[in-house]
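One structure is given below, encoded as structure tokens.
2 protein chains.
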Amino acid sequence: MEKVKLGDVAKKAGVSLTTVSRVLNNRGYISKETRKKVNDAMEELNYFPNEIARSLFGNKTNFVGLLFPNVTNPFYGEIVSELESTLASRGYKSLICNTYNNEEKESNYLKMVLANQVDGIIVGSRNRPSSIYQSANLPIVAIDRFVSSKVPIVRSDNYGGACLATEYLIEKECKNIVHFTGSSEEEIKKCDLRMQGYIDTMLKYGKTPRVMKASFDEDEVYQRCKVADYLSASPEIDGAFAAGDTLAGIIYACCKQKGIDMEIVGYDGASMFTGLCGGVSTIRQPIKKMARLATDILLDAIAGTYQEYDSEHVLPVELIKRSY
Amino acid sequence: MEKVKLGDVAKKAGVSLTTVSRVLNNRGYISKETRKKVNDAMEELNYFPNEIARSLFGNKTNFVGLLFPNVTNPFYGEIVSELESTLASRGYKSLICNTYNNEEKESNYLKMVLANQVDGIIVGSRNRPSSIYQSANLPIVAIDRFVSSKVPIVRSDNYGGACLATEYLIEKECKNIVHFTGSSEEEIKKCDLRMQGYIDTMLKYGKTPRVMKASFDEDEVYQRCKVADYLSASPEIDGAFAAGDTLAGIIYACCKQKGIDMEIVGYDGASMFTGLCGGVSTIRQPIKKMARLATDILLDAIAGTYQEYDSEHVLPVELIKRSY
DNA sequence: GTGAATATGGCAACCGCTTGTCATACGGGA
DNA sequence: TCCCGTATGACAAGCGGTTGCCATATTCAC
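Protein sequence lines correspond, in order, to chains A and B.
Just so we're aligned: 263 in numbering that gives the first Met the number 0 is position 264 of the first sequence, and the numbers increase by one with no gaps anywhere.
Just so we're aligned: 211 in numbering that gives the first Met the number 0 is position 212 of the second sequence, and the numbers increase by one with no gaps anywhere.
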């Protein structure tokens, strides 16, 4: 059973190649009857036009590359899921790439999507920006990450969110509040802002900021040990603001196992997280809105109607209190 | 800045089109020096061969379609993540599709990936099998789902896992154990086996099985109400086996809020879940192994070296006890 | 000196579809 | 009757790269 092609449809419908193509692309004159004949033939033969061939001609693939660390993380899972859905509803197809925050992987993926002629890229990977981004001459949108001065950024109000989180902990009368952050040699803007918000708020209330570096990427077991050791060594701690929800979850689990009852606030607020880890508060990013905005910007850029480069789009966050 | 193409490289390197193509495809005779010249030219020009054009000629795209309900669910997130990684390491690219268990969406996605000439499909969506699967004449592998008699299935030992879960609850001296299952008009095999394992085990120990239908797909808030109502109405319940971890998480949250302390066992065991919801036990499916096996089968089928159709590959599960 | 192996170029056909141009044919309105 | 709008077909070129075939040239070994 070979692949059905245009010619087969034409034969079946008793019309010419040109006519079938006209039906497919809605061009020129076609009578109702012919259109029906052709459509019927396509149906009967189970014909799908070869998008690869069409792309080749049109120089447009309707592919978009999605470069994110790892959809296993509910935050990325949710954002990728939203991106894929909105893109699909607008006729675009998503090539997914899990970079695991690995620079080599990211740059390989980047080459791959470029070689596959994607019309645009949405990136949420957290590496040092690859030089390929510069030379790649196509629309890119970054989610909560700096790529280059030409790439628009969509992110949540990291600073404001951190303030909100810290103030909540203070309100809850926590005396010793620590901030767990993702570590990285090079200062990633996101972490800075979340940390900055925490530090500023602590100082504002006359408290001493304390920061604990715990990477986002390390092995989970290792992380858990690190956190557990830290908590054991600092029994006075009664509040924590974690820069991400997975980290918050780890802290929560450690506390539970040690019988510590403290207030924890995470960051991200993927629905899966708030559903599964109700003992932790979190700062919810408007994930759907971010995904939609990123899609809008990207597609506008692809269409050539987006001009406002060098722009950051900062969306408001919301405090979600623990549910038990 | 136009797209660089083969001819540009040839010109830059001072060789013919044929020679560049030979370097690219490692065919025929090429001297070290020429190869270097060509490679240098490609580097300088930042050239990537147009995979779309190559695909068109070769009638092979190295695309694989991944049809899953929703990567927001940690189980699907983890399996999609694994699939993408193993596929990428073997030169394949993943087209992701979130079907949301919606039949129309699934069949549209199916048409889409077929139109894009994917070399194969891995599907974990949970719908009534679409007729398109039959007519699609290409390798398909199903994860924990029946598609057609010709499509090999990779799944975990649902029956054994359910027995394990139920026995654990009995061991924990739960008196009234209920099973929460995903509802669906048509009986999906997976649910059947998990339910069957539960029922058989209950009967084996002289207990009365009780089943509560709670869909996998409903709105989470709605689910939560349904579960809460049920728990209120049946205060004698002190143990629950949920057919999926997200459901288990919902039950856990309800219990917490109502101050009920009962044993809950879920099913799936994505690392994110066990990390975030340590108060719940679960039956862990060997997600990585399943993903790798599915990839192996699919790629063998694509290569034409896989013959064992009509086969089910059932992998063993493991009980993960709650960590606090 | 001859034949093989190595190295490169030129050319045409092809992958499946799109598009522009030209030709043909029918029917209706001015 | 003539022209125009409608409807369809035939054909060729092109999208970017691959491949097979033939030609040519150099080098090396026997």
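For each residue, glycine too, the CB sits at the ideal point set by N, CA and C.
Nothing here was measured: the structure is a model prediction, and the numbers come from that model.
Query	Result
What number of angstroms, rounded off, separates the C-alpha of Lys212 (chain A) from the C-alpha of Gly268 (chain B)?	28 Å
Could you have a look at Tyr266 (chain B) and say whether DSSP puts it in helix, strand or coil?	strand
Under 8 Å, with one C-beta from each stretch per pair, do the stretch 269-278 of chain A and the stretch 90-102 of chain A reach the 3-pair mark?	no
Using the C-alpha atoms, what's the distance from Glu50 (chain B) back to Ser30 (chain B)?	25 Å
What residue range does the beta strand (DSSP E) around Ile176 (chain A) cover?	Ile176 to Thr180
Against chain B, which members of the stretch 38-54 of chain A pass a CB distance test of less than 8 Å?	Asn45, Phe47, Pro48, Asn49, Glu50, Ile51, Ala52 and Ser54
In angstroms, rounded to a whole number, what distance separates the CA positions of Glu307 (chain A) and Pro128 (chain A)?	21 Å
Under a CB-based cut-off of 8 Å, is Cys276 (chain A) close to chain B?	yes
Run through DSSP, which three-state label would Leu66 (chain B) get?	strand
Using CA atoms only, rank isn't needed, just tell me which of B:Asn175, B:Gly119 and B:Ser124 is closest to Ala302 (chain B).	B:Gly119
For the beta strand (DSSP E) containing Arg34 (chain B), name the first residue and the last one.	Segment Lys31 to Leu44 is the alpha helix (DSSP H) holding Arg34 (chain B); no beta strand (DSSP E) there.
Note down the Cα distance separating Ile319 (chain A) from Cys276 (chain A), rounded to an integer number of angstroms.	12 Å
Counting only Cβ-Cβ distances shorter than 8 Å, please list the residues of the stretch 284-312 of chain B near chain A, keeping chain order.	none
If you reduce the DSSP assignment to three classes, tell me which class Gly274 (chain A) lands in.	helix
Between which two residues does the alpha helix (DSSP H) holding Met111 (chain A) run?	Glu102 to Ala114
Is the CB of Tyr323 (chain B) under 8 Å away from at least one CB in chain A?	yes
Against Lys320 (chain B), what residues of chain A qualify as contacts under a CB-to-CB distance less than 9 Å, listed in chain order?	By Cβ distance, chain A contributes nothing, its closest Cβ being about 13 Å from Lys320 (chain B), past 9 Å.
From Pro315 (chain A) to Gly159 (chain A), what distance separates their C-alpha atoms?	8 Å
List the whole-angstrom C-beta distance separating Leu192 (chain B) from Asn136 (chain B), where the pair is believed to meet the contact cut-off of C-beta under 8 Å.	Rounded, the Cβ-Cβ distance is 30 Å, inconsistent with contact.
Return the chain-ordered list of same chain residues with a C-beta closer than 8 Å to the C-beta of Asp228 (chain B), the five sequence neighbours on each side being excluded.	none
Taking the alpha-carbon positions, what's the Cys162 (chain A) to Gly258 (chain B) distance?	32 Å
When the cut-off is 8 Å and only beta carbons count, does Gly248 (chain A) lie next to chain B?	yes
Could you tell me whether the stretch 222-237 of chain A touches the stretch 53-63 of chain A, using the rule of 3 or more Cβ pairs below 8 Å?	no
Taking the alpha-carbon positions, what's the Gly205 (chain A) to Arg125 (chain B) distance?	55 Å
Which value, in whole angstroms, describes the spacing of the CA atoms of Cys224 (chain A) and Ala40 (chain B)?	50 Å
Would you mind stating whether Ala293 (chain B) and Met261 (chain B) have Cβ atoms separated by less than 8 Å?	no
Is the shortest distance between the beta-carbon of Phe272 (chain A) and the beta-carbons of chain B less than 8 Å?	yes
In this structure, does DSSP put Ile282 (chain B) in helix, strand or coil?	strand
Counting only the same chain and skipping the five closest in sequence on each side, list residues whose C-beta sits under 6 Å from that of Asn175 (chain B).	Glu235, Ile236 and Asp237
Using a Cβ-Cβ distance under 8 Å, would Val140 (chain A) count as near chain B?	no
Rounded to whole angstroms, what's the CA-CA distance from Thr165 (chain A) to Gly90 (chain B)? Just pull it up for me.	46 Å
Cβ atoms of Leu65 (chain B) and Ser93 (chain B): under 8 Å apart, would you say?	yes
Answer with buried or exposed for Asp244 (chain A), where buried requires no fewer than 16 other C-beta atoms within 10 angstroms of its C-beta.	buried
Tell me which residue opens and which closes the alpha helix (DSSP H) that Lys92 (chain A) is part of.	Unbroken run through Lys92 (chain A) is the beta strand (DSSP E), Lys92 to Asn97; no alpha helix (DSSP H).
Which term fits Val37 (chain B), buried or exposed, when burial requires 16 or more other beta carbons within 10 angstroms of its beta carbon?	buried
Candidates A:Tyr46, A:Gly265, A:Ala52 and A:Ile95: which alpha carbon is nearest Ser134 (chain B)'s?	A:Tyr46
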